[in-house]
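Undergrad:
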Amino acid sequence: MTPPDNKLDYDLIVESLKGHLPSLPVVMNELMMVISDHDAALYALRDLLKMDQTIYAQLLKIANTHRYREGREGKVVSIDDAVQVLGLEKVKQVAMNTTILDLYGKISFPKGFSLEALWMHSVGVAIASSILAGKVDSDLSDQAYTCGLLHDIGKVAKCKFDQILYSEEMKSVQDRKVDVLQWEISSKSIRHDLLGSYLARAWGISTLVETVTRWHHEEDRSKRIGIEDAKTQLLVDIVFLANVTIHKLGFGHSGHRIVRPPSRLIMRRLGLDENALDEFDEKVSERLEEEAENLALFTKA
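In structure tokens:
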């Protein structure tokens, strides 16, 4: 995998991924438009979900778990009932998780790592991002979830581009006990944050997703080139800290197990002290435990 040094190289890599990485499903683009519109009617989302059989089936499976069926007679058999049982926020998240999981596939990697484990990590970051956004700016919760879910999509793209070399990279990362970005920089490999942002642009999805994907490892706002609005800076901060928390909790596997505490600066920007950070970590951990049964349903054959 030749190290890219400029914009054109990444564009060419994205172009070469055609045929290796599924195009973003049409329903995903439409779903993101509905999610970003706080005034979107519930029926608009319901009608959109009926277009995708995989999402439809997943919603019914989760709506029929003990947690949601408790006290209810009979099975949930329609999308209308599923939406009523699960609630709008949960329906949006299930739809997003299902759509993104289809991009990952099942490929063997060094012990402890798999694309399924990477998907679990990404869902964890999405959940943590949504919770944190709810604390600092509730209007950003849906967008924070989406950005968290897609923040590591560049790793999936790297795998699809050259599975053997990517597997070797993951082994080197684990053997040397470094984080993925450290290895990418030191080995002059393709950077997953850059590739992910180019892929998001090629897919034509939200510029917010593109920007957050690009800068999700950068704590210093002054180094985040091209970000001019406070909302985007805040979303990057949110996903950055959510990523730290999910690594700390060991949920899923992003390719490494290195945990670095967030700086006091980013904590201050998010209105958190040490006690508030501990409370946030605990809340995320509790939510992940609550979601464990539902997430297991996604990965069952």
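Residues in the sequence shown are numbered consecutively from -17, following this note's numbering. Glycine residues also receive a C-beta, built at the ideal position from the N, C-alpha and C atoms. Nothing here was measured: the structure is a model prediction, and the numbers come from that model.
Just grab the DSSP bridge partners of K43 for me.
TA: Answer is none; K43 lacks a bridge partner.
Undergrad: Based on Cα-Cα distance, which residue from V138, I61, K32 and F95 lies nearest to D84?
TA: Of the listed residues, the one whose Cα sits closest to D84 is V138.
Undergrad: Could you tell me the alpha carbon to alpha carbon distance between G69 and D121, rounded to whole angstroms?
TA: Computed Cα separation, rounded: 17 Å.
Undergrad: Taking the Cβ atom as the reference point for each residue, do L100 and H235 lie within a distance shorter than 8 Å?
TA: Result yes, Cβ atoms of L100 and H235 sit closer than 8 Å.
Undergrad: By a C-beta neighbour count over all protein chains shown, 10 Å radius and 16 as the cutoff for buried, is N46 buried or exposed?
TA: Under this definition N46 is a buried residue.
Undergrad: When we look at the beta-carbon of V155 and count the other beta-carbons within 10 Å, is it buried (16 or more) or exposed?
TA: Label assigned to V155: buried.
Undergrad: Roughly how many angstroms separate the alpha carbons of L97 and Y86, rounded to a whole number?
TA: So the two alpha carbons sit approximately 6 Å from each other.
Undergrad: Applying the criterion that 16 or more other CB atoms from any shown protein chain within 10 Å of the CB defines a buried residue, is A64 buried or exposed?
TA: Label assigned to A64: buried.
Undergrad: To which residues of the same chain is L131 closer than 8 Å at the C-beta, ignoring the five residues directly before and after it?
TA: These residues qualify, in order along the chain: M78, N79, I82, S104, V105, V107 and A108.
Undergrad: When we look at the beta-carbon of Q35 and count the other beta-carbons within 10 Å, is it buried (16 or more) or exposed?
TA: It counts as exposed.
Undergrad: V67 and Y180 - do their beta-carbons sit closer together than 8 Å?
TA: Contact flag unset, no.
Undergrad: For the alpha helix (DSSP H) holding G178, just list the boundary residues, first then last.
TA: Start and end: H174 to W185.
Undergrad: Does the pairing of the region 141 to 150 with the region 257 to 275 give three or more beta-carbon distances under 8 Å?
TA: No, the region 141 to 150 is not in contact with the region 257 to 275.
Undergrad: By the three-class DSSP mapping on this structure, what secondary structure does P(-14) have?
TA: Low confidence applies to P(-14): its pLDDT is 44, below 50, so where it sits in the model is not reliable enough to give any reading.
Undergrad: Put S123 into one of helix, strand or coil per three-state DSSP.
TA: Correct three-state label for S123: helix.
Undergrad: Of the residues S204, L41, I209 and W185, which one's Cα is nearest the Cα of V194?
TA: Taking only the C-alpha atoms, the option nearest V194 is I209.
Undergrad: What residue from E52, G53, F95 and L41 has the CA that sits closest to E71's CA?
TA: Cα-wise, what sits closest to E71 is L41.
Undergrad: Short check: CB of L223 to CB of L114, under 8 Å?
TA: It is a contact, given that the beta carbons lie within the stated cut-off.
Undergrad: Quick check on this structure: which residue in Q215, Y(-8), M14 and K170 has the alpha carbon closest to the alpha carbon of I187?
TA: Looking at the Cα atoms, M14 is the closest of the given residues.
Undergrad: Locate the alpha helix (DSSP H) running through K205, then write down its first and last residues.
TA: Unbroken run through K205: none, as it is neither H nor E.
Undergrad: Quick one: give me the first and last residue of the alpha helix (DSSP H) that F222 is part of.
TA: Element bounds for F222: A212 to L231.
Undergrad: Specify the secondary structure class of I146 as computed by DSSP and reduced to three states.
TA: The answer is helix: DSSP assigns I146 an H, G or I state.
Undergrad: Assuming M152 contacts F95 (C-beta within less than 8 Å), just tell me the rounded distance between them.
TA: That pair is a contact at about 5 Å.
Undergrad: Out of L30, V241, D29 and K43, which has the shortest C-alpha to C-alpha gap to T281?
TA: For T281, the nearest C-alpha among the options comes from K43.
Undergrad: According to DSSP, is D29 part of a helix, a strand, or is it coil?
TA: Three-state DSSP puts D29 in a helix.
Undergrad: Mark S60 as exposed unless 16 or more other C-beta atoms lie within 10 angstroms of its C-beta, in which case mark it buried.
TA: Exposed.
Undergrad: Return the residue from the list G116, V218 and D202 that minimises the CA-CA distance to R196.
TA: The residue with the shortest Cα to Cα distance from R196 is V218.
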